[in-house]
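Only one structure is covered here, and it is reproduced in the block below.
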Amino acid sequence: MLGMFGSTLLLSFREIRRHLLRSFLTTLGIIIGVAAVITMVTLGNGVTASVKDQISSLGSNVFIVFPIEGDRDTPRPFEQADIDAIGRQIAGVVEVAGSVNATGIAFHNGQDWSTGVQGADNEFLRAQSIDVVEGRPFTTEETKAGKNVCLIGPKVQAAIFVAGTSPLGAQMRVNQVPCTVIGVLEERGDGGGGSDQDNTVIMPLKTVQRRFTGNDNIQFFVVKYDESYASASIQDALVSLLRERRLLQGDANNDFNVIDTAQVNQALGAATGALTAMVAVIAGISLLVGGIGIMNIMLVSVTERTREIGIRLAIGALAREVRMQFLTEAVVLCCLGGVIGIALALVLSLGLSALIDVPFVFDPVINVLSFVFSAVMGIAFGYYPASRASRLDPIDALRHE
Amino acid sequence: MSLDAPSGQPLIQLEGITKTFGTGAAAFQALKGVDLTIERGDFVAVMGPSGSGKSTTMNILGCLDVPTAGKFRFRGVEVQALDRDQRSLLRRRYLGFVFQGFNLLARTTAVENVELPLLYRGERKAERRAAALRALDQVGLVPWADHTPAELSGGQQQRVAIARALVTQPDVLLADEPTGNLDTERSIEIMELLTRLNKEGITILLVTHETEMAAFARTIVHFRDGLVERIDRNVPTHVSAQKGGTV
Numbered sequence: 001m002l003g004m005f006g007s008t009l010l011l012s013f014r015e016i017r018r019h020l021l022r023s024f025l026t027t028l029g030i031i032i033g034v035a036a037v038i039t040m041v042t043l044g045n046g047v048t049a050s051v052k053d054q055i056s057s058l059g060s061n062v063f064i065v066f067p068i069e070g071d072r073d074t075p076r077p078f079e080q081a082d083i084d085a086i087g088r089q090i091a092g093v094v095e096v097a098g099s100v101n102a103t104g105i106a107f108h109n110g111q112d113w114s115t116g117v118q119g120a121d122n123e124f125l126r127a128q129s130i131d132v133v134e135g136r137p138f139t140t141e142e143t144k145a146g147k148n149v150c151l152i153g154p155k156v157q158a159a160i161f162v163a164g165t166s167p168l169g170a171q172m173r174v175n176q177v178p179c180t181v182i183g184v185l186e187e188r189g190d191g192g193g194g195s196d197q198d199n200t201v202i203m204p205l206k207t208v209q210r211r212f213t214g215n216d217n218i219q220f221f222v223v224k225y226d227e228s229y230a231s232a233s234i235q236d237a238l239v240s241l242l243r244e245r246r247l248l249q250g251d252a253n254n255d256f257n258v259i260d261t262a263q264v265n266q267a268l269g270a271a272t273g274a275l276t277a278m279v280a281v282i283a284g285i286s287l288l289v290g291g292i293g294i295m296n297i298m299l300v301s302v303t304e305r306t307r308e309i310g311i312r313l314a315i316g317a318l319a320r321e322v323r324m325q326f327l328t329e330a331v332v333l334c335c336l337g338g339v340i341g342i343a344l345a346l347v348l349s350l351g352l353s354a355l356i357d358v359p360f361v362f363d364p365v366i367n368v369l370s371f372v373f374s375a376v377m378g379i380a381f382g383y384y385p386a387s388r389a390s391r392l393d394p395i396d397a398l399r400h401e
Numbered sequence: 402m403s404l405d406a407p408s409g410q411p412l413i414q415l416e417g418i419t420k421t422f423g424t425g426a427a428a429f430q431a432l433k434g435v436d437l438t439i440e441r442g443d444f445v446a447v448m449g450p451s452g453s454g455k456s457t458t459m460n461i462l463g464c465l466d467v468p469t470a471g472k473f474r475f476r477g478v479e480v481q482a483l484d485r486d487q488r489s490l491l492r493r494r495y496l497g498f499v500f501q502g503f504n505l506l507a508r509t510t511a512v513e514n515v516e517l518p519l520l521y522r523g524e525r526k527a528e529r530r531a532a533a534l535r536a537l538d539q540v541g542l543v544p545w546a547d548h549t550p551a552e553l554s555g556g557q558q559q560r561v562a563i564a565r566a567l568v569t570q571p572d573v574l575l576a577d578e579p580t581g582n583l584d585t586e587r588s589i590e591i592m593e594l595l596t597r598l599n600k601e602g603i604t605i606l607l608v609t610h611e612t613e614m615a616a617f618a619r620t621i622v623h624f625r626d627g628l629v630e631r632i633d634r635n636v637p638t639h640v641s642a643q644k645g646g647t648v
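If you read the protein sequences in the order shown, they are chains A and B. Read the first sequence against this note's numbering and you will find it ends at 401, with the numbers running on by one and no gaps. Read the second sequence against this note's numbering and you will find it ends at 648, with the numbers running on by one and no gaps.
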């Protein structure tokens, strides 16, 4: 029986090779369907992984709070007193730290480099899980006095420092502000909204307020809370305290926004799920069209090879053997389409994930599933033509043409 | 189901075979009660004008078709009672077919064409190849084993077809106008080949409308209007023995 199956398989390959272009065009539907499904799922996984990575880089059990317009014309920034009040008054808050952002040109050793400048103290670094991989974080004195010291991101290091030499202790300048490098930050990749977390210079909050933004405003702050507390209760306390401090009465809208990283994660999961479902429907339709193409060409093939079928029946082929032959051919055709589709998907998803800058996350399940589904398509759409071939009358079939 | 024959039975027995095509007013009775017995080892030529029922009879004898009524015993088995697949198995084991149009698979080499029936017997590749080459040797075409039908002459193609019919070592070789597409010289070569095979023990049933070709047979059955008109015993005029084995 294996010999029979082997030769049936061989025959299918020979038949496909004989009509190479036709076979290729026939399987195009399957190829595109499979490639589309796998590429979309792989890219989706990559995007999810990348966003999850960004979210986890914000730290877990963290709220990010920033001002919005609310009922005003422009957002009103926070004050250091707000930050202190939250730390004092809300139970469960582990860290609360304000920050400001600016941009500047970093100079060192005759090199210049455009970079982000962030004012943040050690509390902020801890809340956001930002590690210093070389050197040290700020000292209390540096923070309190707003000294000219800085932590640099790996991209800044690569841009203006000579490779292989330690930047620690070096004097650099950001715009007109000189500073001593005391540490290098870990590599963190892209932050949300297109910012590059590695192209940054972090100085004490006070330093940046004084030398870059020129005021005592806090642009945004992070709140890290103890995980034994419910996030909703902390958030409620946070909102009512801020409303009170910002003198929002009655039904006035909040002029600040509290982002819960856990909620973002959930929303992301839901959005990804909806996208995946949509892709599945589109892919299903394209595979259905592909399957109908297979059926059509198999019917043509059966008609073309009526005489051959007659010969096979005359020399003693059983109906099920003829059916098996054509079914095998359809399945082989579909499986080839599946394999080509998988290969195409690999190329596409490697290329596209590089293009949109998300990690390439190979998903073995969707690849295996797509292949199996192609084979199932072959059986589903090859069965009718194959069964038609097997029902031919040998005498009529021999007389065909 | 046993397809094996009880001993002592004639190879082929037709009793009161009728065959009607179509129904009602359009019905056409191709066979009107054919009785015919063919013994093992005979060389039978079936003759008759077109529409006389000879092809219908051959289709029934070849287990490709079933009679409307009557009994067809092949090796003692009542074929009219068998289903499609059972008849396929009979063909696979005991029958070889040669057609007027050769009916070889295109773009498939001679040896692969000859191997085809063995494929359905589930034989191993090496055995298939050896048996196919033996059959090609019987028809003198071993040097052409790797040629496709398009590269062979009509006579050679028909000899490949004969090798394909022989490869299963059938009891009966059914040849339906095997020389219909060939010139006289090639036709005689084919007939001499069939004569030799018959001498080696295969029962041959030949359909022809050419008296010249029928003259090779030992029994000539004349059909007319769906009935056997008469049966002649014949002393074959052409004898191939002098020409040796290579036809």
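Here a beta-carbon is modelled for each residue, glycine too, at the ideal position from N, C-alpha and C.
Neighbour list for Phe-475 of chain B in chain A, Cβ cutoff strictly below 7 Å: By 1-based counting over the second sequence, the position of residue 475 of chain B is 74. Simply none; closest approach about 14 Å.
Interface positions of the stretch 17 to 45 of chain A facing chain B (Cβ-Cβ less than 7 Å), listed along the chain: Arg-18
C-beta atoms of Leu-606 of chain B and Gly-434 of chain B nearer than 8 Å: Position 205 of the second sequence, counting from 1, holds the residue named residue 606 of chain B. Position 33 of the second sequence, counting from 1, holds the residue named residue 434 of chain B. Contact: no.
Cβ shell of Arg-474 of chain B (< 6 Å), same chain only, five flanking positions each side left out: By 1-based counting over the second sequence, the position of residue 474 of chain B is 73. Within the same chain, Arg-474 of chain B has close Cβ partners Gln-414.
Residue environment, Ile-418 of chain B, which counts as buried when at least 16 other CB atoms sit within 10 Å: As a working mapping, residue 418 of chain B is identified with position 17 in the second sequence. It is buried - the Cβ of Ile-418 of chain B has at least 16 other Cβ atoms within 10 Å.
Whole-angstrom distance between Ile-16 of chain A and Val-339 of chain A, CA atom to CA atom: What you label residue 339 of chain A is simply residue 339 of the first sequence in a count that begins at 1. What you label residue 16 of chain A is simply residue 16 of the first sequence in a count that begins at 1. If you take the alpha carbons of Val-339 of chain A and Ile-16 of chain A, they lie about 15 Å apart.
Cβ-Cβ distance between Arg-565 of chain B and Asn-635 of chain B below 8 Å: Counting from 1 along the second sequence, the entry for residue 565 of chain B is found at position 164. Counting from 1 along the second sequence, the entry for residue 635 of chain B is found at position 234. Against a cut-off of 8 Å, the Cβ pair of Asn-635 of chain B and Arg-565 of chain B comes out as no contact.
Contact with chain C by Asp-466 of chain B, beta-carbon distance below 8 Å: This model lacks chain C altogether; the protein chains it does include are A and B.
Positions along the stretch 497 to 508 of chain B whose CB lies within less than 9 Å of some CB in chain A: Gly-497, Phe-498, Phe-500, Gly-502, Asn-504, Leu-505, Leu-506, Ala-507 and Arg-508
C-alpha gap between Ala-262 of chain A and Asn-175 of chain A, whole angstroms: Within the first sequence, residue 262 of chain A is the residue found at index 262, counting from 1. Within the first sequence, residue 175 of chain A is the residue found at index 175, counting from 1. Rounded to the nearest angstrom, the two C-alpha atoms are 37 Å apart.
Proximal chain A residues relative to Arg-493 of chain B, where beta-carbon distance stays under 9 Å: One-based indexing of the second sequence puts residue 493 of chain B at position 92. Ile-315, Gly-316, Ala-317 and Leu-318, listed in chain order.
Boundaries (first-last residue) of the alpha helix (DSSP H) holding Gly-337 of chain A: The residue you call residue 337 of chain A lines up with position 337 of the first sequence. 319 to 355 is the span of the alpha helix (DSSP H), which, as asked, contains Gly-337 of chain A.
Neighbour flag for Glu-304 of chain A against chain B, beta carbons, 8 Å: One-based indexing of the first sequence puts residue 304 of chain A at position 304. It does not; no Cβ of chain B falls within 8 Å.
Coarse secondary structure for Lys-600 of chain B, derived from DSSP in three states: Here residue 600 of chain B is taken as the residue at index 199 of the second sequence, counted from 1. Note: Lys-600 of chain B maps to helix in three-state DSSP.
Rounded separation between Ala-354 of chain A and Asp-73 of chain A - CA only: Taking the first residue of the first sequence as position 1, residue 354 of chain A is located at position 354. Taking the first residue of the first sequence as position 1, residue 73 of chain A is located at position 73. Whole-angstrom Cα-Cα distance: 41 Å.
Burial state of Ala-536 of chain B, where buried means 16 or more other Cβ atoms lie within 10 Å: For this step, residue 536 of chain B is matched to residue 135 along the second sequence. That one is buried.
Segments of 4+ residues assigned as alpha helix (DSSP H) that fall wholly inside the stretch 569 to 628 of chain B: 585 to 600 and 612 to 615
8 Å Cβ cutoff, Ser-453 of chain B in contact with chain A: Working through the second sequence from its first residue, we reach residue 453 of chain B at position 52. Chain A contact via Cβ: absent.
Beta-carbon neighbours of Pro-518 of chain B, restricted to chain A and to distances below 8 Å: Stepping through the second sequence from its first residue, residue 518 of chain B is reached at position 117. Neighbours of Pro-518 of chain B on chain A, chain order: Ile-315 and Gly-316.
Minimum C-alpha distance to Val-573 of chain B - residue among B:Thr-604, B:Asn-460, B:Arg-631 and B:Thr-612: Translated into positions along the second sequence, residue 573 of chain B becomes position 172. For the residues B:Thr-604, B:Asn-460, B:Arg-631 and B:Thr-612, the minimum Cα distance to Val-573 of chain B belongs to B:Thr-604.
Residue environment, Arg-14 of chain A, which counts as buried when at least 16 other CB atoms sit within 10 Å: The count along the first sequence starts at 1 and reaches residue 14 of chain A at position 14. Exposed, because fewer than 16 other Cβ atoms sit within 10 Å of the Cβ of Arg-14 of chain A.
Beta-carbon gap between Leu-398 of chain A and Ile-311 of chain A smaller than 8 Å: Within the first sequence, the letter at position 398 stands for residue 398 of chain A. Within the first sequence, the letter at position 311 stands for residue 311 of chain A. Cβ atoms of Leu-398 of chain A and Ile-311 of chain A: closer than 8 Å.
Asn-217 of chain A versus Phe-360 of chain A - alpha carbon distance: Within the first sequence, numbered from 1, the residue matching residue 217 of chain A stands at position 217. Within the first sequence, numbered from 1, the residue matching residue 360 of chain A stands at position 360. Near 41 Å, if we compare the C-alpha coordinates of Phe-360 of chain A and Asn-217 of chain A.
Rounded straight-line distance, which links the Cα of Asp-121 of chain A to that of Ser-99 of chain A: The residue labelled residue 99 of chain A in the question sits at position 99 within the first sequence. The residue labelled residue 121 of chain A in the question sits at position 121 within the first sequence. Distance between the alpha carbons of Ser-99 of chain A and Asp-121 of chain A: 8 Å.
C-alpha distance - Leu-369 of chain A paired with Glu-95 of chain A, whole-angstrom precision: Working through the first sequence from its first residue, we reach residue 369 of chain A at position 369. Working through the first sequence from its first residue, we reach residue 95 of chain A at position 95. The straight-line gap from Cα to Cα measures roughly 46 Å.
8 Å Cβ cutoff met for Phe-498 of chain B and Leu-575 of chain B: One-based indexing of the second sequence puts residue 498 of chain B at position 97. One-based indexing of the second sequence puts residue 575 of chain B at position 174. Closer than 8 Å, so yes.
Where Ser-489 of chain B meets chain A, residues with beta-carbon distance less than 8 Å: Your numbering for residue 489 of chain B matches position 88 in the second sequence. Per Cβ cutoff of 8 Å: Leu-313, Gly-316, Ala-317, Leu-318 and Ala-319.
Boundaries of the alpha helix (DSSP H) in which Gln-558 of chain B is found, first to last residue: The residue given as residue 558 of chain B occupies position 157 in the second sequence. 555 to 567 is the span of the alpha helix (DSSP H), which, as asked, contains Gln-558 of chain B.
Pairwise C-alpha distance: Asp-198 of chain A and Glu-186 of chain A: Locating residue 186 of chain A in the first sequence gives position 186, where the first residue counts as 1. Locating residue 198 of chain A in the first sequence gives position 198, where the first residue counts as 1. Glu-186 of chain A and Asp-198 of chain A: Cα-Cα distance of roughly 8 Å.
Selected residue, minimal CA-CA separation from Ile-68 of chain A, among A:Asn-61, A:Phe-78, A:Val-279 and A:Glu-227: Taking the first residue of the first sequence as 1, we reach residue 68 of chain A at position 68. Per the Cα distances, A:Phe-78.
Proximal chain B residues relative to Arg-307 of chain A, where beta-carbon distance stays under 8 Å: Counting from one through the first sequence, the residue named residue 307 of chain A turns up at place 307. Residues of chain B passing the Cβ test: Asn-504.
DSSP three-state assignment for Arg-474 of chain B, whether helix, strand or coil: Walking along the second sequence from the start, residue 474 of chain B turns up at place 73. Note: Arg-474 of chain B maps to strand in three-state DSSP.
Coil, strand or helix - Val-51 of chain A by DSSP: The sequence position of residue 51 of chain A within the first sequence is 51, counting from 1. Looking at Val-51 of chain A - three-state DSSP - the assignment turns out to be helix.
Cutoff 8 Å: Ser-12 of chain A Cβ touching any chain B Cβ: Within the first sequence, the letter at position 12 stands for residue 12 of chain A. Answer no: the Cβ-Cβ gap between Ser-12 of chain A and chain B never drops below 8 Å.
Alpha-carbon to alpha-carbon, Phe-5 of chain A and Leu-333 of chain A: As a first step, residue 333 of chain A is located in the first sequence; it is residue number 333 there, counting from the start. As a first step, residue 5 of chain A is located in the first sequence; it is residue number 5 there, counting from the start. Computed Cα separation, rounded: 16 Å.
From A:Ile-160, A:Leu-20, A:Val-34 and A:Ser-23, residue whose alpha carbon lies closest to that of Val-279 of chain A: Position 279 of the first sequence, counting from 1, holds the residue named residue 279 of chain A. For the residues A:Ile-160, A:Leu-20, A:Val-34 and A:Ser-23, the minimum Cα distance to Val-279 of chain A belongs to A:Val-34.
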